[in-house]
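**Student:**
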Amino acid sequence: MPSLKAIFFDLDNTLVDCSTADIRTYEILASIARDKVRGINSPALINHFQKQLINVPFDPEKQIPVHPWRTILWTKALKSENIDDIDLAEKLNIAFHRERLAFYTFIYGSQKMLKKLLKLYTCVIITNGDSEIQRPKLKACKAQKYFSHIIVGGEEPYEKPHPSIFKKACEMAKCKPESAIIIGDSLETDIKGGLDAGLASTIWINPKNKPIPEKGPVPHYQAVSVLELPLIIQHIQQQQQ
Numbered sequence: 001m002p003s004l005k006a007i008f009f010d011l012d013n014t015l016v017d018c019s020t021a022d023i024r025t026y027e028i029l030a031s032i033a034r035d036k037v038r039g040i041n042s043p044a045l046i047n048h049f050q051k052q053l054i055n056v057p058f059d060p061e062k063q064i065p066v067h068p069w070r071t072i073l074w075t076k077a078l079k080s081e082n083i084d085d086i087d088l089a090e091k092l093n094i095a096f097h098r099e100r101l102a103f104y105t106f107i108y109g110s111q112k113m114l115k116k117l118l119k120l121y122t123c124v125i126i127t128n129g130d131s132e133i134q135r136p137k138l139k140a141c142k143a144q145k146y147f148s149h150i151i152v153g154g155e156e157p158y159e160k161p162h163p164s165i166f167k168k169a170c171e172m173a174k175c176k177p178e179s180a181i182i183i184g185d186s187l188e189t190d191i192k193g194g195l196d197a198g199l200a201s202t203i204w205i206n207p208k209n210k211p212i213p214e215k216g217p218v219p220h221y222q223a224v225s226v227l228e229l230p231l232i233i234q235h236i237q238q239q240q241q
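Sequential numbering of the sequence shown, starting at 1, is according to the working numbering.
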């Protein structure tokens with residue numbers, strides 16, 4: 001096996017604990033809704049929006065830009081509570097993105113780890129998602145300080161798990177796939193993509209110790225946190241000897 005030259009990182013729920021950021025954000029949004037509408041069932045409102053955000057985060061027809069689209073999601077969530085208020089929907093959407101970014105930071109301890117890794121390897125972020133959403137996130141956590149290159153899937157012809165985005169990462173890192181590894185929280189995008197692209201190793205962030213689905217992509221390694229990466233790299237290098 002060739003020596004390790006590059007490390008590819010997912011962003012959301014790999015380098016950043018999005019669940020904690022979301023919890024704090026939704027608490028603020030619930031408070032805004034209660035201030036604007038007396039007696040509103042804010043938990044039901046938030047729950048309705050969350051379900052829509054998971055199911056249709058972007059316009060399926062790709063006609064409506066992401067921010068107007070998510071205002072529509074808030075409008076629908078409000079209507080589910082018998083509230084027809086486009087102005088409030090717009091305010092909630094603006095607050096959603098503003099507050100989310102305020103809490104969007106790298107996991108404690110990861111910056112120190114990344115500085116050390118960057119001295120030894122070419123480090124690349126490969127994140128799926130719309131540029132209007134992902135670029136502000138990357139700016140909020142100052143990702144440019146810790147990475148050689150950043151690839152946003154929404155700016156590419158294909159997102160993860162398509163092999164082309166991994167090929168681009170390898171070209172940017174000036175390495176062959178067998179000299180690169182990927183770490184991420186998604187079996188279907190990060191791990192499957194890394195396996196299909198022929199990367200040396202794939203590392204699945206699995207904090208809740210979920211079982212690997214039958215017939216699902218099987219990672220080379222599993223980790224509770226990205227902070228375990230140096231130990232895994234050490235093991236990979238031992239296997240190369």
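Glycine residues also receive a C-beta, built at the ideal position from the N, C-alpha and C atoms.
Quick check for students: name the residue ranges of the beta strand (DSSP E) that lie wholly in the segment 161-221, counting only runs of 3 or more.
**Tutor:** Entirely contained in the segment 161-221, the beta strand (DSSP E) runs reaching 3 residues are, in chain order, 180-184 and 201-205.
**Student:** Tell me, please, which residues DSSP counts as bridged to residue 130.
**Tutor:** Partner(s): none; residue 130 has no beta bridge.
**Student:** Starting from the C-beta of residue 236, find all residues in its chain whose C-beta is less than 6 angstroms away, skip the five residues before and the five after it, and write them out in chain order.
**Tutor:** Only 201 meet the Cβ criterion.
**Student:** Might you give, ordered along the chain, the residues of its own chain that have their beta carbon closer than 7 angstroms to the beta carbon of residue 218, omitting 5 neighbours on each side?
**Tutor:** Within the same chain, residue 218 has close Cβ partners 212.
**Student:** Under the three-state reduction of DSSP, which class applies to residue 96: helix, strand or coil?
**Tutor:** It is helical.
**Student:** What residue does the beta strand (DSSP E) around residue 9 start on, and which one ends it?
**Tutor:** Taken as a continuous stretch (DSSP letters only), the beta strand (DSSP E) holding residue 9 covers 6-9.
**Student:** Looking only at its own chain, which residues have a Cβ that is under 8 angstroms from the Cβ of residue 157, when we skip the five neighbours before and after it?
**Tutor:** Only 164 meet the Cβ criterion.
**Student:** For residue 18, which of 195, 196 and 185 has the nearest alpha-carbon?
**Tutor:** Nearest option by C-alpha distance: 185.
**Student:** Taking the continuous beta strand (DSSP E) assigned at residue 23, which residues delimit it?
**Tutor:** Per DSSP, residue 23 belongs to no beta strand (DSSP E); it is in the alpha helix (DSSP H), 18-36.
**Student:** Under 8 angstroms Cβ to Cβ from residue 32, same chain only, skipping five residues before and after it: list those, please.
**Tutor:** Result list for residue 32: 91, 92 and 95, in chain order.
**Student:** Determine which residues share a DSSP beta bridge with residue 123 and list them.
**Tutor:** DSSP output for residue 123 lists 7 as bridge partner(s).
**Student:** Would you say residue 136 and residue 101 are within 8 angstroms of each other, going by their C-beta atoms?
**Tutor:** Going by C-beta atoms, residue 136 is nearer than 8 angstroms to residue 101.
**Student:** At 4 residues or longer, and completely inside the segment 67-112: list those alpha helix (DSSP H) runs for me, N to C.
**Tutor:** Those alpha helix (DSSP H) runs which fall completely within the segment 67-112 and span 4+ residues are 86-102.
**Student:** Check for me: the alpha helix (DSSP H) holding residue 54 runs from which residue to which?
**Tutor:** From DSSP, the alpha helix (DSSP H) with residue 54 extends over 42-55.
**Student:** Candidates 188, 196 and 223: which alpha carbon is nearest residue 166's?
**Tutor:** Checking every option, the nearest Cα to that of residue 166 belongs to 196.
**Student:** Rounded to the nearest angstrom, what separates residue 79 and residue 45 at their Cα positions?
**Tutor:** Residue 79 and residue 45: Cα-Cα distance of roughly 9 angstroms.
**Student:** Determine the burial state of residue 3: buried for a count of at least 16 other Cβ atoms within 10 Å of its Cβ, exposed for fewer.
**Tutor:** Residue 3 should be labelled exposed.
**Student:** Nearest CA to the CA of residue 181: which residue from 30, 233 and 144?
**Tutor:** Among 30, 233 and 144, the Cα nearest to that of residue 181 belongs to 233.
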